[in-house]
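Remarks on the structure that follows.
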Amino acid sequence: MSSSEISLSEQISAHIRTAILAAIDAGQLPKEISKEVPESISLERPKNRDHGDYASSIALQLAKPSGKNPRDVASILQSNLAVIPEISKVDIAGPGFLNITLNRASQAELVSTILTLKKSYGHSTGLKGVRINLEFISANPTGPLHLGHTRWAAVGDALGRVLSAAGADVVREFYINDRGNQMDLFGASLEAAALGKPIPEDGYQGQYISDIAASLVAQDPQLMSMPEPQRVNEFRERGYAWQLGDQKRVLDNFGTHFDVWFSERSLHEGGSVDVAMVKLRKQGHVFEEEGATWLRTTDFGDDKDRVLTKANGDLTYFASDTAYYINKRGRGFDICIYMLGADHHGYVGRLKATAACAGDDPEYNIHVLIGQLVKIMEGGEEVKLSKRAGTIITLEELVEKVGVDAARYTLIRYPVDTPMILDVDVLKRNTNENPVYYVQYAHARIAGVLRNAQELKIPVGLENFDPSQLTHDRENELLGSLAEFPKIVAGAAEMREPHRVARYLEELAGVYHRFYSDCRVLPLGDEPISALHSSRANLCAATNQVIKNGLDLLGVSAPEKM
RNA sequence: GUCCCCGUAGCUCAGUGGAUAGAGCAACCGCCUCCUAAGCGGUAGGUCGCAGGUUCAACUCCCGCCGGGGACACCA
Numbered sequence: 003m004s005s006s007e008i009s010l011s012e013q014i015s016a017h018i019r020t021a022i023l024a025a026i027d028a029g030q031l032p033k034e035i036s037k038e039v040p041e042s043i044s045l046e047r048p049k050n051r052d053h054g055d056y057a058s059s060i061a062l063q064l065a066k067p068s069g070k071n072p073r074d075v076a077s078i079l080q081s082n083l084a085v086i087p088e089i090s091k092v093d094i095a096g097p098g099f100l101n102i103t104l105n106r107a108s109q110a111e112l113v114s115t116i117l118t119l120k121k122s123y124g125h126s127t128g129l130k131g132v133r134i135n136l137e138f139i140s141a142n143p144t145g146p147l148h149l150g151h152t153r154w155a156a157v158g159d160a161l162g163r164v165l166s167a168a169g170a171d172v173v174r175e176f177y178i179n180d181r182g183n184q185m186d187l188f189g190a191s192l193e194a195a196a197l198g199k200p201i202p203e204d205g206y207q208g209q210y211i212s213d214i215a216a217s218l219v220a221q222d223p224q225l226m227s228m229p230e231p232q233r234v235n236e237f238r239e240r241g242y243a244w245q246l247g248d249q250k251r252v253l254d255n256f257g258t259h260f261d262v263w264f265s266e267r268s269l270h271e272g273g274s275v276d277v278a279m280v281k282l283r284k285q286g287h288v289f290e291e292e293g294a295t296w297l298r299t300t301d302f303g304d305d306k307d308r309v310l311t312k313a314n315g316d317l318t319y320f321a322s323d324t325a326y327y328i329n330k331r332g333r334g335f336d337i338c339i340y341m342l343g344a345d346h347h348g349y350v351g352r353l354k355a356t357a358a359c360a361g362d363d364p365e366y367n368i369h370v371l372i373g374q375l376v377k378i379m380e381g382g383e384e385v386k387l388s389k390r391a392g393t394i395i396t397l398e399e400l401v402e403k404v405g406v407d408a409a410r411y412t413l414i415r416y417p418v419d420t421p422m423i424l425d426v427d428v429l430k431r432n433t434n435e436n437p438v439y440y441v442q443y444a445h446a447r448i449a450g451v452l453r454n455a456q457e458l459k460i461p462v463g464l465e466n467f468d469p470s471q472l473t474h475d476r477e478n479e480l481l482g483s484l485a486e487f488p489k490i491v492a493g494a495a496e497m498r499e500p501h502r503v504a505r506y507l508e509e510l511a512g513v514y515h516r517f518y519s520d521c522r523v524l525p526l527g528d529e530p531i532s533a534l535h536s537s538r539a540n541l542c543a544a545t546n547q548v549i550k551n552g553l554d555l556l557g558v559s560a561p562e563k564m
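Now the structure itself:
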């Protein structure tokens, strides 16, 4: 790996570690602290610019074990670090922070790195070789995708992209609950609607049922004259196909794509349930009681044991879920990520216990994300949603109102474990209130500058880039932000929190706008073209690459013009 | 009753144990004879729900309260 592929902060971090070990060898620090020295020294970017480009609190951490004053420890490290070429100065501040200021030219080399790596700047290898099954949405094929599904459609897709960028081998999977009572109710509801009869008790209401029924009959009028039970079965199966096709179409328009559409039926027909049962029995956590077959999930912290097979011989949904998990692991996935709605939070304990019953590590092999509710505001008040009354907002309706970019971006920029309120009126506005425009505008603005640079025949490209030109504080700030990107992406992947990428982009856009107001990129009037113009244009190009890469991770477009 | 999530500026919310807790909006004051003003600068706004504990260091971790939301089936 060439040095340009290791970030400057990683190099500094490694230098600090070397400096500590050297100090121990030289007897400046006691030998006993060797085991206290972390594998990688964490650096942070100080909020306050007076505190340098990077800061480390390592001296504070090592002070106690080495029996020294933290400022003395810092002072020993300071002299060992000062000789490193990339570092221009090291200050000791406060109780013993090491504040490191980088040599500006070496920091500016980042522009070359970004413009060389292009799309892959921000990719990492933290999850290399890890096979991840990412399951999200998994709606019943009995109705349109609603607001809750939409949150997952955006966040799940972004998480998939982020995990891939971190090197993981990701398969996105949609589990189709196409088996059981709900499907029968769906079929019966369609049939009733077609015949003009009242929808059955607990059946599916809503205009969409009559719409589907009508188009099924229009496709094949003979449906109406079929004998029972064939007719209701046909309504169920054709309705299923219609609805699933509709969900696929809507998700496709939304930019969310799945690698696997996994049918619950296939789980049963393919024998996965039997395989799972055998495996669980072998692990010794299955027992019979009161005529039912149970899984002793309480062995692993669940609050009660769960039924696999009911007394009447039917399999429970829990049995399907369990078999599905074991099936995923059987397909070679190391980590199974589930993205579930808040109403499923009771599942977390049992899913983890299930994994443990199957002999897996519930802390590693399975990861459950619980998404909180999305409320929607329009015209200054909350839109009351009720499935029964048919006032649901679908993914498609939301996209019609605000567009794919605004919908995706807004849904992604909040952590999923907090309830969010989505204000339709704000999303229609092209102002700072709507952060997606703030970020996209930065991209469009830079694209405009670069177009002008080309027209003015300013030499761009790396052969015209001189890092020593970039000495302005704003340039330094911008370079610092650009350097953060790979860490942000890796952290977002590790924590399964794609919203961190969105927040970072807002920060980066802000830093760029400030740079833009203070640092003129293109020559003014008759000013001759200089190396500074070329170097700044390259800095702009690098910034745009990073914004583009970030927006790509969110599935949001990066417009050239606005 | 048990479990999960939340409580940070007037509002909507960020904040992986670090220094003076941040952003956008709303309020007020400024900045376009020249690169996109969908932008930038400034002022004002805080007992980080309350009380303990751990730590050199707590909005962050632990314990207990208070307040808000949600979940608890041989339902799907």
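Each number in our numbering comes from the position in the first sequence (counting from 1) with 2 added on.
Backbone N, C-alpha and C fix where the C-beta goes; we use that ideal spot for every residue, glycine too.
Here the structure is a predicted model, which means the values were calculated and not measured.
Exposure of residue i, with buried meaning 16 or more beta-carbon neighbours within 10 Å
i: MET564; result: exposed
i: PRO223; result: exposed
i: TYR366; result: exposed
i: PRO72; result: buried
i: ILE292; result: In the sequence as displayed, the identity of residue 292 is Glu instead of Ile. Exposed is the call here.
i: PHE467; result: buried
i: MET226; result: exposed
i: SER6; result: Confidence is the limiting factor: at SER6 the pLDDT is only 45, short of 50, which leaves the residue's position unreliable and the question unanswerable from this model.
i: GLN376; result: Residue 376 is actually Val in this sequence, not Gln. By the neighbour-count rule (16 or more Cβ atoms within 10 Å), VAL376 is buried.
i: ASN454; result: exposed
i: PRO87; result: exposed
i: SER519; result: exposed
i: GLY150; result: buried
Extent of the continuous alpha helix (DSSP H) to which residue i belongs
i: ARG516; result: 501-520
i: SER536; result: 533-556
i: ASP301; result: That residue, ASP301, is in no alpha helix (DSSP H); it is neither H nor E in DSSP.
i: PHE467; result: PHE467 -> no alpha helix (DSSP H), and no H or E assigned at all.
i: THR412; result: 406-414
i: ARG174; result: Run containing ARG174: none in the alpha helix (DSSP H); it sits in the beta strand (DSSP E), 171-178.
i: ALA220; result: 209-221
Beta-carbon proximity list for residue i, same chain, < 7 Å, skipping 5 on both sides
i: ALA107; result: PRO469, SER470
i: LYS550; result: HIS445, ALA560
Start and end residues, beta strand (DSSP E) containing residue i
i: ASN135; result: 133-137
i: PRO341; result: Here residue 341 is Met; the residue named in the question, Pro, does not match the sequence. That run of the beta strand (DSSP E) goes 337-343.
i: LYS377; result: 376-380
i: GLU570; result: The question about residue 570 has no answer here: the residues shown for the chain are numbered 3 through 564.
i: ILE116; result: Taken as a continuous stretch (DSSP letters only), ILE116 belongs to no beta strand (DSSP E), being part of the alpha helix (DSSP H) at 112-119.
Contact set for residue i: own chain, Cβ-Cβ below 6 Å, skip 5 residues either direction
i: ARG240; result: LEU218
i: ALA170; result: LEU129, VAL132, ILE134
i: GLU193; result: VAL234, PHE237
i: VAL350; result: VAL370
i: SER191; result: ILE201, GLY205, TYR206, ILE211
i: PRO229; result: none
For residue j and residue i, the rounded distance between their alpha carbons
i: ASN436; j: ILE372; result: 26 Å
i: LEU253; j: ALA155; result: 7 Å
i: GLU34; j: LYS66; result: 12 Å
i: PRO525; j: GLU562; result: 22 Å
i: SER4; j: GLN13; result: Unreliable placement is indicated for SER4, whose pLDDT of 39 sits below 50; the coordinate value is still reported in the next sentence. So the alpha carbons of these two residues sit roughly 12 Å apart.
i: LEU23; j: GLN80; result: 13 Å
i: ASP316; j: GLN221; result: 35 Å
i: HIS125; j: ASN329; result: 30 Å
i: LEU534; j: PHE260; result: 46 Å
i: ILE395; j: GLN442; result: 26 Å
i: SER42; j: VAL438; result: 35 Å
i: SER268; j: LEU246; result: 15 Å
i: ILE281; j: GLY343; result: A small fix is needed here, since residue 281 is Lys in this sequence, not Ile. Each residue's alpha carbon lies about 29 Å from the other.
i: GLU266; j: ILE414; result: 29 Å
i: THR356; j: GLY552; result: 36 Å
Contact test: residue i Cβ vs the ligand FMN heavy atom, cutoff 7 Å
i: LEU104; result: Among the components modelled here there is no ligand, and therefore nothing to report on the ligand FMN.
Neighbourhood of residue i by C-beta distance below 8 Å, restricted to the same chain and skipping five residues each side
i: SER36; result: LEU23, ILE26
i: HIS346; result: ILE372
Whether or not the stretch 488-498 and the stretch 424-437 are in contact is what I'm after, with contact meaning three or more pairs of Cβ atoms, one per stretch, closer than 8 Å; do they touch? When C-beta atoms of the stretch 424-437 are compared with those of the stretch 488-498, fewer than three pairs fall below 8 Å, so the two segments do not count as touching.
Using 8 Å as the threshold, is the stretch 170-186 in touch with the stretch 140-158, meaning 3 or more CB pairs across them? yes
Is there contact here, the stretch 102-122 with the stretch 52-63, by at least three beta-carbon pairs under 8 Å? The stretch 102-122, when compared against the stretch 52-63, does touch it at the 8 Å Cβ threshold.
Pairing CB atoms from the stretch 207-218 with CB atoms from the stretch 109-116, are three or more of them under 8 Å? no
Could you check whether the stretch 505-515 touches the stretch 471-485, counting it as contact only if at least three pairs of C-beta atoms, one from each stretch, sit closer than 8 Å? yes
Flag this pair as touching only if the stretch 356-370 and the stretch 158-174 have three or more C-beta atom pairs under 8 Å; answer yes or no. no
Between the stretch 535-549 and the stretch 400-410, are three or more C-beta pairs nearer than 8 Å? no
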